[in-house]
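Peer 1:
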Amino acid sequence: MSIDLANQILTGLLTGLVYSLMALGLSVIFGVVRVVNFAHGEMTALAMYAAWALFTWLELDPLVGMPLIALMLFVLGYIMQRGLIDAFVSKPEHIQFILLVAIAIIMVNGSLLTFGPDAHGVQVSYGFDTYEVGPLLVDKVRLLAAAAALGISGLLMLFFRRTMTGKAIRACADNLVGAKVIGLNVKQLYAVTFGIGAACVGAAGALLSLLIDVMPSTGPELTMLAFIIVIVGGLGSMGGALLGGMLIGVSEVLAGYFLMPSMKGMFSFAILILILVLRPQGLMGARK
Amino acid sequence: MSGHSSPMVNRRDFLAAGAAGAAVLGLGDRGLSGRAQAAQPLKIGLLLPLSGGLAREGQSCKRGADVTPGLLADMGMPVQLMIADTETNIDTARTRAEKLIADGAQVLIGAFDSAHTLAVAQVCEQRGVPLVINIAAAPNITEQGFKTVFRNFPTAPKLVSEGLALMKDVFKITGTTPTKAVFLHNNDTFGTAMAGAVNKLFPTLDMPFPLVETIAYDGNARDLAVEVGKAKATGADLVLLVPHGDDCIRVIREMVKQRFEPKAVVSPGSPGMYEVQFYKTLGKYSDYCMTNLPWINPKTAMSQALLKAFSKAYPDALFEMNIGYTFEAILIAADAAKRAGSTDPKAILAALPATNIAEHVMIGGPIVFDAKGQNTNTRSATIQNFGGKPLVVLPSDVAEAKPVFPAPGWQQRG
Numbered sequence: 008m009s010i011d012l013a014n015q016i017l018t019g020l021l022t023g024l025v026y027s028l029m030a031l032g033l034s035v036i037f038g039v040v041r042v043v044n045f046a047h048g049e050m051t052a053l054a055m056y057a058a059w060a061l062f063t064w065l066e067l068d069p070l071v072g073m074p075l076i077a078l079m080l081f082v083l084g085y086i087m088q089r090g091l092i093d094a095f096v097s098k099p100e101h102i103q104f105i106l107l108v109a110i111a112i113i114m115v116n117g118s119l120l121t122f123g124p125d126a127h128g129v130q131v132s133y134g135f136d137t138y139e140v141g142p143l144l145v146d147k148v149r150l151l152a153a154a155a156a157l158g159i160s161g162l163l164m165l166f167f168r169r170t171m172t173g174k175a176i177r178a179c180a181d182n183l184v185g186a187k188v189i190g191l192n193v194k195q196l197y198a199v200t201f202g203i204g205a206a207c208v209g210a211a212g213a214l215l216s217l218l219i220d221v222m223p224s225t226g227p228e229l230t231m232l233a234f235i236i237v238i239v240g241g242l243g244s245m246g247g248a249l250l251g252g253m254l255i256g257v258s259e260v261l262a263g264y265f266l267m268p269s270m271k272g273m274f275s276f277a278i279l280i281l282i283l284v285l286r287p288q289g290l291m292g293a294r295k
Numbered sequence: 281m282s283g284h285s286s287p288m289v290n291r292r293d294f295l296a297a298g299a300a301g302a303a304v305l306g307l308g309d310r311g312l313s314g315r316a317q318a319a320q321p322l323k324i325g326l327l328l329p330l331s332g333g334l335a336r337e338g339q340s341c342k343r344g345a346d347v348t349p350g351l352l353a354d355m356g357m358p359v360q361l362m363i364a365d366t367e368t369n370i371d372t373a374r375t376r377a378e379k380l381i382a383d384g385a386q387v388l389i390g391a392f393d394s395a396h397t398l399a400v401a402q403v404c405e406q407r408g409v410p411l412v413i414n415i416a417a418a419p420n421i422t423e424q425g426f427k428t429v430f431r432n433f434p435t436a437p438k439l440v441s442e443g444l445a446l447m448k449d450v451f452k453i454t455g456t457t458p459t460k461a462v463f464l465h466n467n468d469t470f471g472t473a474m475a476g477a478v479n480k481l482f483p484t485l486d487m488p489f490p491l492v493e494t495i496a497y498d499g500n501a502r503d504l505a506v507e508v509g510k511a512k513a514t515g516a517d518l519v520l521l522v523p524h525g526d527d528c529i530r531v532i533r534e535m536v537k538q539r540f541e542p543k544a545v546v547s548p549g550s551p552g553m554y555e556v557q558f559y560k561t562l563g564k565y566s567d568y569c570m571t572n573l574p575w576i577n578p579k580t581a582m583s584q585a586l587l588k589a590f591s592k593a594y595p596d597a598l599f600e601m602n603i604g605y606t607f608e609a610i611l612i613a614a615d616a617a618k619r620a621g622s623t624d625p626k627a628i629l630a631a632l633p634a635t636n637i638a639e640h641v642m643i644g645g646p647i648v649f650d651a652k653g654q655n656t657n658t659r660s661a662t663i664q665n666f667g668g669k670p671l672v673v674l675p676s677d678v679a680e681a682k683p684v685f686p687a688p689g690w691q692q693r694g
């Protein structure tokens with residue numbers, strides 16, 4: 008394998024990990040609340056705008072501001088679930104779809120009105136730095152973002168396995184009736200879960216702001232990407248979201264390298280179709 | 281009544297005399313109103329991408345348009361601008377063109393993007409309303425046989441052939457020649473037209489280096505790491521780049537990260553590398569990038585007047601090509617209306633082919649249109665970035681600085 012190709016694959020892996028964190032939030036929300044968040048990418052874009060705003064006005068590095076942004080999105084997600092989405096949880100899926108698409112459109116146009124049509128990017132002082140690891144060149148920003156994404160994903164998995172709240176949330180996902188019978192406050196847990204999913208999105212958005220510029224149209228693109236990742240990985244599977252993100256990141260690189268660079272976006276959709284045909288539950292999803 | 285002659289004017293005579301009188305009054309009235317119309321401001325519908333992917337360039341054009349009516353009023357050519365946002369969307373461009381005409385626009389100007397301009401041209405051709413193109417390079421726009429389209433901007437082949445010729449001048453002056461080049465271009469209508477022109481013309485221009493690979497990229501892609509990696513893998517020491525917006529920032533950023541240090545990054549003719557956001561985002565890494573394109577002649581009286589008005593209105597904005605061409609497009613329309621003595625679209629359409637404007641703002645000969653509606657007197661210059669500003673380095677007669685080639689490596693910039 009040539010050094011250039013190895014560098015590109017590494018870049019794809021690192022970028023894919025950040026996308027995984029974003030998709031993880033979607034998987035968590037669906038896995039428990041059984042609502043498909045069609046405003047997922049738009050919420051990510053809001054987090055990116057928040058990171059840009061904090062960087063521009065307060066000179067706050069997105070890596071430092073990430074916990075604050077995650078908290079802001081947690082609150083937003085909690086309020087959305089408690090105040091709006093909860094009433095639609097038992098409604099047909101197409102009604103949920105309309106609701107969340109409407110929320111997404113409001114977010115996109117709100118961004119356009121507030122921030123304008125121009126792209127906004129975060130240019131940190133170390134934004135052009137790279138590490139030399141043998142013959143490989145590792146982008147510092149991508150490495151830090153990927154490490155943060157991996158760390159947060161690990162913490163999230165520990166939360167669901169080791170904490171009482173995490174176990175209670177899993178109980179709701181595994182057996183809703185049983186959870187109610189033992190007295191769990193399902194509405195509250197749903198809201199916390201949505202908040203956690205939104206917090207993942209907040210963290211992912213802060214990290215993504217280091218890698219790509221944000222503009223109003225970024226939201227819908229990221230929604231599409233999140234869906235591709237979770238469907239490929241398995242909807243409701245956290246491990247699947249991580250695997251799907253890395254797979255999509257690397258596949259785009261390989262498509263661009265061996266075929267045509269302008270085809271790399273198309274390749275993700277090709278993988279999606281392949282998975283839907285051959286293994287519709289996703290790579291790590293459970294077959295029904 | 282029969283058998284009864286009357287000295288009074290009969291009904292038929294009265295009506296005939298009335299018609300004759302009305303005809304005389306009508307002709308005279310038209311003459312009066314024609315002169316009155318010429319004094320009335322010319323209603324110009326201006327179509328620009330003020331939002332969407334090309335918003336930055338569209339906003340720059342608009343800034344040029346904003347300061348133009350005042351200057352033209354001083355020259356006895358009053359205009360009234362009706363500005364519409366194409367939203368960087370071809371269907372919106374078409375719809376807005378139709379609305380502008382319905383709202384009374386007598387001339388349309390636009391539309392920056394070649395695909396949008398073609399859509400607008402079709403509307404103008406159907407409605408018989410003149411279209412003066414400020415910026416759009418796809419050659420097919422003036423190859424459709426349209427009678428209403430007039431372009432004061434070079435076609436992609438002309439941009440490329442003049443751009444590549446200017447590069448040879450840079451090598452001659454600096455005494456350094458690259459060994460091989462790689463060509464990266466946005467895959468939209470403009471970028472594809474430029475790529476077609478480069479690939480067609482390159483073998484005929486006797487360039488002193490081979491073009492080893494052409495890499496098309498999606499300008500909307502989230503990152504361009506793969507594309508830049510492929511370019512680096514060719515071993516080229518010259519990068520020809522045709523971006524169309526913010527994508528040039530992403531390309532240069534990746535080049536710095538991947539430590540891909542060619543002798544220069546040169547555009548044979550495209551927006552991007554001379555815009556404020558490029559300098560602001562990339563800082564020292566934006567320096568020494570070259571763009572070959574039509575540019576404002578810094579030494580004419582009219583460009584000095586435009587610069588003065590622009591600097592007063594927009595002290596923090598960059599004075600660049602988009603402003604100059606948008607000013608000139610409005611000037612062309614107003615000049616035609618003045619010569620026609622009328623703001624009627626048909627009269628302006630009749631006057632436009634005879635346009636001959638010697639004193640204008642862009643580098644090049646008088647503004648004159650050929651049989652296809654194309655101004656063939658445009659002329660490209662080479663601009664190079666120094667300290668966050670573009671300066672003319674060629675042609676020598678209007679140069680503001682000497683070209684630097686090869687450019688210092690990324691890590692050597694202070």
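Residue numbers (my numbering), protein chains in the order written: chain A, 8 to 295; chain B, 281 to 694. Where a beta carbon is used, it is the ideal one built from N, C-alpha and C, also for glycine.
#1: Is B:Pro-670 helix, strand or coil when you go by DSSP?
#2: On the three-state DSSP scale, how would you describe B:Glu-378?
#3: Taking the alpha carbon of A:Ile-110 as the point to measure from, which residue in A:Gly-272, A:Phe-122, A:Gly-84 has its own alpha carbon closest?
#4: Are the CB atoms of B:Thr-366 and B:Pro-329 within a distance shorter than 9 Å?
#5: Using a Cβ-based criterion (distance less than 8 Å to any ligand heavy atom), does A:Val-193 qualify as near the ligand COA?
#6: Would you mind telling me which residues of chain B sit closer than 8 Å to A:Phe-135, beta carbon to beta carbon, in chain order?
#7: For B:Ala-473, count neighbouring Cβ atoms within 10 angstroms of its own Cβ and tell me buried if that reaches 16, exposed if not.
#8: List the residues of chain A that B:Ile-498 touches, going by C-beta distances under 7 Å, in chain order.
#9: If you pair each beta-carbon of the region 468–483 of chain B with each one of the region 228–235 of chain A, do three or more pairs fall below 8 Å?
#10: Would the beta-carbon of B:Thr-623 fall within 9 Å of that of B:Leu-322?
#11: What three-state label does DSSP hand A:Pro-74 in the structure shown?
#12: Would you verify that the beta carbon of B:Ser-331 is, or is not, closer than 9 Å to some beta carbon of chain A?
#13: Among B:Val-506, B:Ala-513, B:Asp-498, which one has its Cα closest to the Cα of B:Gly-525?
#14: What's the gap between the Cα of B:Asp-650 and the Cα of B:Ile-495?
#15: Where does B:Val-412 land, buried or exposed, given buried means 16+ other C-beta within 10 angstroms?
#16: Verify whether the separation of the beta carbon atoms of B:Lys-460 and B:Asp-517 is less than 9 Å.
#17: Does chain A have any CB closer than 9 Å to the CB of B:Leu-504?
#18: Verify the CB distance criterion: does B:Thr-372 have a CB-CB separation below 9 Å to chain A?
#19: CB B:Gly-667 to CB B:Asn-500, shorter than 9 Å?
#20: Cβ closer than 8 Å: which chain B residues qualify as neighbours of A:Leu-144?
#21: Any beta carbon from chain A within less than 9 Å of B:Leu-557's own beta carbon?
#22: State the Cα-Cα distance for the pair B:Ser-441 and B:Met-601, rounded to the nearest angstrom.
#23: Let's test the definition: count the other Cβ atoms within 10 Å of the Cβ of B:His-465 and tell me whether it reaches 16, buried, or not, exposed.
#24: Take the Cβ of B:Gly-644 as the centre, count every other Cβ of all protein chains shown within 10 Å, and call the residue buried at 16 or more, exposed below.
#25: Rank A:Thr-51, A:Val-42, A:Ala-46 by C-alpha distance to the C-alpha of A:Val-25 and give the top, closest one.
#26: Do B:Gly-515 and A:Gln-15 count as a contact pair if the criterion is CB distance below 9 Å?
#27: Measuring straight from C-alpha to C-alpha, what distance separates A:Ala-154 and A:Ser-132?
#28: Please state if the CB of A:Gly-241 and the CB of A:Gly-204 are separated by a distance shorter than 9 Å.
#29: Run down chain A in chain order and give the residues with a C-beta less than 7 Å from the C-beta of B:Ile-495.
#30: Closer than 6 Å by C-beta to A:Gly-226: which residues in its own chain qualify, once you throw out the five before and the five after it? Chain order, please.
#31: May I ask you to report which of helix, strand or coil DSSP gives A:Tyr-85?
#32: For A:Pro-124, go through chain D and note every residue whose CB falls closer than 8 Å to its CB, in chain order.
#33: Which word fits B:Met-582, buried or exposed, when buried means at least 16 other C-beta atoms lie within 10 angstroms of its C-beta?
#34: Can you list, in chain order, the residues of its chain with a C-beta nearer than 8 Å to that of A:Ile-278? Leave out the 5 residues immediately preceding and following it.
#35: Please compile the residues from chain B whose C-beta is within a distance smaller than 7 Å of the C-beta of A:Val-284.
#36: Measure the Cβ-Cβ separation of B:Leu-674 and B:Leu-446 and say whether it is below 9 Å.
Peer 2: Taking the structure as given:
#1: strand
#2: helix
#3: A:Gly-84
#4: yes
#5: Of ligands this structure carries none, so the ligand COA is not represented either.
#6: Arg-533, Val-536, Lys-537, Tyr-565, Trp-690
#7: buried
#8: Per the sequence shown, residue 498 of chain B should be read as Asp rather than Ile. Within 7 Å Cβ-Cβ: Ser-269, Gly-272.
#9: no
#10: yes
#11: helix
#12: yes
#13: B:Asp-498
#14: 35 Å
#15: buried
#16: yes
#17: yes
#18: no
#19: no
#20: Lys-537, Gln-538, Arg-539
#21: Residue identity differs from the one stated: residue 557 of chain B is Gln in this sequence, not Leu. So, interface residue.
#22: 19 Å
#23: buried
#24: buried
#25: A:Thr-51
#26: no
#27: 19 Å
#28: no
#29: Pro-268
#30: Gly-48, Glu-49, Ala-52, Val-115
#31: helix
#32: Included in the structure are the protein chains A and B, with no chain D among them.
#33: buried
#34: Ile-235, Val-239, Leu-254, Ile-255, Ser-258
#35: What A:Val-284 touches in chain B: nothing, since even the nearest Cβ is about 26 Å away.
#36: yes
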